[in-house]
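Notes to accompany the following structure.
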Amino acid sequence: MAEWEAVVGLEVHVHLKTRTKMFCRCALEYGAHENTRTCPVCLAFPGALPVPNAKAIEHTIKLGLALECEIAEHAVFARKNYFYPDLPKGYQISQYEKPLCGRGRFLLPTAGGDEEIGIERAHLEEDAAKTVHAGGETGRTIGAEYSLVDFNRGGTPLLEIVSRPDIRSADQALRYLRLLRQTIVELGISDAEMEKGTMRADVNVSVRERGENGFRPRWELKNMNSFTFIGRGIEAAVRQQVAAYEAGKTLEQSTYDYDPDLDRLTVHRSKEEADDYRYFPEPDLVPVDPPRELVERLRGELPKLPAARIRRIAKELSVAAADELVSTGNDHKAQLLAERGVDWQTAANVAMNEPDFLDANAAAIAAIVKARDTLTREAYDGAFAAARSVSIDAAEYLAQIAVSDTGELDPVIESILAANPQQVETYRGGKEGVLGFFVGQVMKETGGKADPKVVNELLREKLKA
Ligand SMILES: [Zn+2]
77 MAEWEAVVGL EVHVHLKTRT KMFCRCALEY GAHENTRTCP VCLAFPGALP
127 VPNAKAIEHT IKLGLALECE IAEHAVFARK NYFYPDLPKG YQISQYEKPL
177 CGRGRFLLPT AGGDEEIGIE RAHLEEDAAK TVHAGGETGR TIGAEYSLVD
227 FNRGGTPLLE IVSRPDIRSA DQALRYLRLL RQTIVELGIS DAEMEKGTMR
277 ADVNVSVRER GENGFRPRWE LKNMNSFTFI GRGIEAAVRQ QVAAYEAGKT
327 LEQSTYDYDP DLDRLTVHRS KEEADDYRYF PEPDLVPVDP PRELVERLRG
377 ELPKLPAARI RRIAKELSVA AADELVSTGN DHKAQLLAER GVDWQTAANV
427 AMNEPDFLDA NAAAIAAIVK ARDTLTREAY DGAFAAARSV SIDAAEYLAQ
477 IAVSDTGELD PVIESILAAN PQQVETYRGG KEGVLGFFVG QVMKETGGKA
527 DPKVVNELLR EKLKA
């Protein structure tokens with residue numbers, strides 16, 4: 077039987093974080109009352125003229141630089157013509173032949189080295205308004221009693237990032253999306269929240285036999301807004317396409333919906349002919365020629381990106397552990413501790429499991445972490461509790477040494493055992509859970525200063541007798 081491979085390309089859309097819309101001065105505000113953030117430009121009154129949002133252009137260039145894209149010297153806005161009730165102009169202003177960001181690449185760190193996903197382009201456009209289908213059961217057009225349009229969203233700056241069809245599995249698609257999302261968020265250009273609709277993706281899936289050149293017709297999943305469903309949708313598409321080819325069928329390019337209940341794709345509409353949007357350069361806008369100084373300034377503003385940080389930490393830990401630290405935003409804390417002599421494994425554990433601390437407390441926390449085996453639990457927890465909000469002095473906590481001296485603990489334990497003969501019998505009768513009761517008593521008696529590890533050992537030994 078043939079060996080099949082998935083061929084996946086992703087088109088990711090994110091709303092850019094700007095104060096105002098793409099081509100007018102209306103405020104961008106989520107949750108504002110319907111149709112209160114509109115003006116003649118975004119409602120497409122005759123004669124109203126668009127003016128591009130400089131911040132949105134800067135955000136797009138920043139993303140392009142992060143994805144190693146060629147930044148255009150001459151980008152052109154274009155009209156994409158189509159009719160829809162949420163598109164009052166009858167066209168969307170987008171970029172077509174000359175996008176702001178051309179070919180680039182995104183590297184996904186893995187245990188086996190970097191996986192390279194090619195970037196075809198990243199361009200800037202405006203989002204359409206939002207149609208709400210009301211009165212039906214499904215929330216979809218069919219079956220709705222009426223539809224309403226909220227123009228607040230119309231004209232929101234939208235960045236579209238188009239990957240090349242380099243993705244070979246659902247798992248890789250999700251790793252690409254997660255790292256891309258984190259990169260976008262850390263660049264500060266978008267919140268990229270799928271639940272809020274500020275990030276969504278079109279997913280293109282086809283399959284081919286391993287070793288085969290060229291591409292077979294693809295299925296498109298539009299406007300996906302959940303990582304889980306994107307992963308399942310890709311897997312379902314691959315399953316269904318392979319089954320069809322193995323049954324001797326041919327497939328055509330179509331748009332599909334993912335049905336989570338059936339875990340299957342159902343055809344949305346088949347494309348008898350390619351969409352024809354009659355693109356042409358937007359006559360109301362001059363081309364964008366980003367000055368080199370601007371591009372270089374933005375390059376200088378790029379933070380150290382998540383992929384680079386994973387690669388760096390993977391030299392100390394596994395790629396999986398590095399990825400976990402970075403994707404949860406805990407790598408900075410681990411780095412601070414590692415720089416102060418805490419071994420990486422411990423630094424990672426502390427960063428993942430203990431409360432946050434102020435950067436200024438890094439040295440004190442590192443000293444406390446290094447001494448943790450000798451400190452009382454109280455001192456250790458107390459240091460972390462304080463370190464999140466005020467500057468702490470390590471010495472104060474380091475003085476609280478746990479009592480691990482058996483000579484000191486012996487009499488305490490003896491007297492507790494003597495005072496609780498019933499529980500001693502219970503333990504010796506096989507119910508080892510009672511040990512916790514004794515440990516609790518010892519901790520109480522010593523004011524929390526006993527080393528629990530030593531107490532456990534001593535108790536077990538004495539109860540054996
Ligand atoms: Zn407006």
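Position in the sequence shown counted from 1, then plus 76, gives you our numbering. Quick reminder that beta carbons are idealized off the backbone N, C-alpha and C, glycines included. These figures come from a predicted structure and were not determined experimentally.
Determine which residues share a DSSP beta bridge with PRO336 and list them. DSSP lists no beta-bridge partner residue for PRO336.
Note the first and the last residue of the continuous alpha helix (DSSP H) segment covering TYR567. The structure shown does not extend to residue 567, since the chain is modelled only from 77 through 541, so no value can be given for it.
Nearest-angstrom Cα distance between GLN168 and ALA410? Across the structure, GLN168 and ALA410 are spaced so that their CA atoms are roughly 46 angstroms apart.
Do the region 145–159 and the region 115–125 make contact, defined as three or more Cβ pairs closer than 8 angstroms? No contact exists between the region 145–159 and the region 115–125.
Own chain residues within Cβ distance below 8 angstroms of ARG373, not counting five before or after: The same chain holds no residue with a CB closer than 8 angstroms to that of ARG373 once the five nearest residues on each side in sequence are set aside.
At a cut-off of 6 angstroms, is CYS29 close to ligand 1 when judged by its beta-carbon and the heavy atoms of the ligand? Outside the displayed range of the chain (77 to 541) lies residue 29, so it cannot be described from this structure.
Of the residues VAL466, TRP420 and ALA424, the one placed nearest ASP435, counting alpha carbons only: Comparing alpha carbon positions, the residue from VAL466, TRP420 and ALA424 closest to ASP435 is VAL466.
Tell me the rounded alpha-carbon separation between PHE433 and LYS446. The alpha-carbon atoms of PHE433 and LYS446 are separated by roughly 16 angstroms.
In this structure, how does DSSP classify VAL515 when only helix, strand and coil are distinguished? If DSSP states are grouped into helix, strand and coil, VAL515 belongs with the helices.
Alpha carbon of VAL88 to alpha carbon of ALA205, nearest angstrom: Going from the Cα of VAL88 to the Cα of ALA205 covers about 18 angstroms.
Looking at GLN316 and LEU338, is the spacing between their C-beta atoms short of 7 angstroms? No, Cβ-Cβ distance for LEU338 and GLN316 is not below 7 angstroms.
Examine chain D for any beta-carbon lying closer than 7 angstroms to the beta-carbon of SER403, and answer yes or no. This model lacks chain D altogether; it includes just one protein chain.
Let me check you understand the geometry: is the CB of CYS102 closer than 6 angstroms to at least one non-hydrogen atom of ligand 1? True, at least one ligand heavy atom lies under 6 angstroms from that Cβ.
ALA396 versus VAL83 - alpha carbon distance: Cα to Cα, ALA396 sits roughly 25 angstroms from VAL83.
Nearest-angstrom Cα distance between ASP360 and PRO175? For the pair ASP360 and PRO175, the Cα-to-Cα distance works out to about 17 angstroms.
When the Cβ atoms of the region 99–109 are set against those of the region 235–245, are three or more pairs found closer than 8 angstroms? The answer is no - the region 235–245 does not touch the region 99–109, with fewer than three Cβ pairs under 8 angstroms.
Do LEU256 and PRO293 come within 7 angstroms of each other at the CB atom, strictly closer than that value? The answer is no: Cβ separation not under 7 angstroms.
Specify, as a first and last residue, the run of the alpha helix (DSSP H) that SER491 falls within. Boundaries of the alpha helix (DSSP H) harbouring SER491: 482–495, taken from the DSSP string.
For ASP365, the nearest candidate out of ALA130, ALA440, ALA148 and LEU143 (CA to CA): Ranking ALA130, ALA440, ALA148 and LEU143 by Cα distance to ASP365 puts ALA148 first.
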